[in-house]
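The sequence shown begins at 11 in this note's numbering and counts up one residue at a time.
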Amino acid sequence: MRILGVIPARYASTRLPAKPLADVCGKTLVQRVYERASESGVLDRLVVATDDERIMEAVRGFGGEAVLTSPDHPDGTSRVAEAVRPFDCDIVLNIQGDEPLLDPVMVEEAANLLVEDETALSATLCSPLSNQALLDDPSAVKVVRDLRGFALYFSRSLIPFVRVSEGAPPVYEHIGIYSFRRDFLYRFVSLPPTPLSRAESLEQLKILEHGYNMKVGVTCGAKLGPSVDTPEDLEEVRRIIRGAGFNTP
């Protein structure tokens, strides 16, 4: 199967303007994400989907591939769907552009969920939520799965509610990397919003509410640091990279 990775990178950001071009210890944020995703070894091709020529130039400057998309997309998945059209692929990975400490193992895992299960239309990852402070944090999205590993529901609330602890599953935190079969990606972005996806502000709930499936794998990878949404997140990532000795110029 031919596997394409796409990193959506929008220039405008309310909390962190020009976020993809932010300096992260001598490299741009988008370069950090691109290099980490490339290390997975599972992708036949990797591109950045952006709405801005400055990001295009930056990506090409470090030897990456980028495509220019419309500035009017409502979300990153819609941008990914536009970017995919010129490419010959079977599986598409939507790799978040704000994860400079992405574990490459997760890219491989997300792709393999579709390679190994032909009944799965889309897939994502989760990990046991060990930080008790995040149990009631709406920014930490939780997911519950059926016995075959398919998503039953995603929520910003604590799920499941454990009334009987014996034999209860762990609380799983959703990890925002997605894989789609190419044809299903186009179907997904054409689906109208649904009541639960609006209420929770979780795009992936459209898939479940419209009766489609999403496989959810428990990752063996590690979350090495925060996604970058604010200046404080950016500084934390810089601190981690300096301390961990990540490859820098």
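Glycine included, every Cβ here is placed at the ideal spot set by N, Cα and C.
Next on the checklist: My assumption, with CB atoms under 8 Å, is that Pro-110 sits in contact with Arg-25. Please give the rounded CB distance.
Outcome noted: Counting from 1 along the sequence shown, the entry for residue 110 is found at position 100. Counting from 1 along the sequence shown, the entry for residue 25 is found at position 15. Wrong, their Cβ atoms sit about 16 Å apart, outside the cutoff.
Next on the checklist: For Ala-232, tell me which candidate among Asp-127, Val-117, Arg-70 has the shortest Cα-Cα distance.
Outcome noted: Your numbering for residue 232 matches position 222 in the sequence shown. Considering only alpha carbons, the answer is Val-117.
Item to check | Local conformation of Ile-217 per DSSP, three classes | outcome: Here the question's residue 217 lines up with position 207 in the sequence shown. Ile-217: helix per DSSP, three-state reduction.
Checklist entry - At what residue ranges does the stretch 182-246 contain a whole run of the beta strand (DSSP E), taking only runs of 3 or more? => result For the stretch 182-246, whole beta strand (DSSP E) runs of length 3 or above, ordered along the chain, are 182-191, 225-228.
Checklist entry - In three-state DSSP terms, what is Asn-141? => result Walking along the sequence shown from the start, residue 141 turns up at place 131. Looking at Asn-141 - three-state DSSP - the assignment turns out to be coil, as it is neither helix nor strand.
Checklist entry - Where DSSP assigns a beta bridge to Ser-132, which residues make up the other side? => result Indexing the sequence shown from 1 puts residue 132 at position 122. Paired residues: Phe-190.
Next on the checklist: Between Asp-146, Thr-229, Ala-68, Val-174, which has its C-alpha nearest Gly-36's C-alpha?
Outcome noted: Against the sequence shown, residue 36 aligns to sequence position 26. Out of Asp-146, Thr-229, Ala-68, Val-174, Ala-68 has the C-alpha closest to the C-alpha of Gly-36.
Checklist entry - Which whole-angstrom value is the C-beta distance of Phe-194 and Leu-131, which I expect to be below 8 Å? => result Counting from 1 along the sequence shown, the entry for residue 194 is found at position 184. Counting from 1 along the sequence shown, the entry for residue 131 is found at position 121. Indeed they touch by this definition, with Cβ atoms about 4 Å apart.
Checklist entry - For Pro-84, is the classification buried or exposed, using 16 other Cβ atoms within 10 angstroms of its Cβ as the cut-off for buried? => result As a position in the sequence shown, residue 84 is number 74, starting the count at 1. Classification for Pro-84: exposed.
Checklist entry - When we look at the beta-carbon of Thr-129 and count the other beta-carbons within 10 Å, is it buried (16 or more) or exposed? => result As a working note, residue 129 is residue 119 in the sequence shown. Counting other Cβ atoms within 10 Å of its Cβ, Thr-129 stays below 16 and is therefore classed as exposed.
Next on the checklist: Along the chain, where does the beta strand (DSSP E) containing Ser-165 start, and where does it finish?
Outcome noted: Counting from one through the sequence shown, the residue named residue 165 turns up at place 155. Its beta strand (DSSP E) spans residues 161-165.
Checklist entry - Could you check where the beta strand (DSSP E) with Val-174 kicks off and where it finishes? => result Residue 174 sits at position 164 when you count from the first residue of the sequence shown. That residue, Val-174, is in no beta strand (DSSP E); it is neither H nor E in DSSP.
Next on the checklist: Judging by CA-CA distance, which residue of Val-153, Val-34, Thr-240 is the nearest neighbour of Leu-135?
Outcome noted: Translated into the one-based positions of the sequence shown, residue 135 becomes position 125. Nearest of Val-153, Val-34, Thr-240 to Leu-135, Cα basis: Val-153.
Item to check | 7 Å CB neighbourhood of Gln-106 in its chain, flanking five on each side removed | outcome: Position 96 of the sequence shown, counted from the start, is the residue given in the question as residue 106. So the qualifying residues of the chain are Gly-186, Ile-187, Ser-237.
Item to check | Bounding residues of the beta strand (DSSP E) (the contiguous stretch that carries Val-57) | outcome: Taking the first residue of the sequence shown as 1, we reach residue 57 at position 47. For Val-57, the enclosing beta strand (DSSP E) starts and ends at 55-60.
Item to check | Burial state of Gly-15, where buried means 16 or more other Cβ atoms lie within 10 Å | outcome: To locate residue 15, count along the sequence shown from 1; it is residue 5. The residue is buried, with at least 16 neighbouring Cβ atoms inside 10 Å.
Checklist entry - Taking buried to mean at least 16 other C-beta atoms within 10 Å of its own C-beta, is Pro-18 buried or exposed? => result In the sequence shown, residue 18 corresponds to position 8, counting from 1. It is buried - the Cβ of Pro-18 has at least 16 other Cβ atoms within 10 Å.
Next on the checklist: Do Ala-59 and Val-90 count as a contact pair if the criterion is CB distance below 8 Å?
Outcome noted: For the purposes of this step, residue 90 is taken as residue 80 along the sequence shown, with counting starting at 1. For the purposes of this step, residue 59 is taken as residue 49 along the sequence shown, with counting starting at 1. Yes. Within cutoff.
Checklist entry - Going by other Cβ atoms of all chains shown within 10 Å of its Cβ, with 16 needed for buried, is Ser-189 buried or exposed? => result Within the sequence shown, numbered from 1, the residue matching residue 189 stands at position 179. It counts as buried.
Item to check | Straight-line gap, Leu-162 to Asp-108 (C-alpha atoms, nearest Å) | outcome: Along the sequence shown, one-based indexing puts residue 162 at 152. Along the sequence shown, one-based indexing puts residue 108 at 98. When rounded, the distance between both Cα atoms is 27 Å.
Checklist entry - Any idea if Leu-71 is buried or exposed, counting beta-carbon neighbours within 10 angstroms, 16 or more meaning buried? => result Numbered from its first residue, the sequence shown carries residue 71 at position 61. According to the sequence displayed, residue 71 carries Gly and not Leu. The residue is exposed, with fewer than 16 neighbouring Cβ atoms inside 10 Å.
Checklist entry - Would you call the stretch 117-127 and the stretch 176-184 in contact, with 3 or more CB pairs under 8 Å? => result no
Checklist entry - Is Pro-4 buried or exposed, if buried means 16 or more other CB atoms sit within 10 Å of its CB? => result Residue coverage of the chain in this structure runs from 11 to 259, which leaves residue 4 outside it and unanswerable.
Item to check | Complete beta strand (DSSP E) runs within the stretch 63-120 (minimum length 3 residues, chain order) | outcome: 76-78, 101-104
Checklist entry - Tell me which same chain residues have a C-beta within less than 6 Å of the C-beta of Leu-139, skipping the five on either side of it? => result As a working note, residue 139 is residue 129 in the sequence shown. Its chain contains Val-181, Glu-183 as the residues whose beta carbon lies nearer than 6 Å to that of Leu-139, once the 5 sequence neighbours on both sides are disregarded; these appear in chain order.
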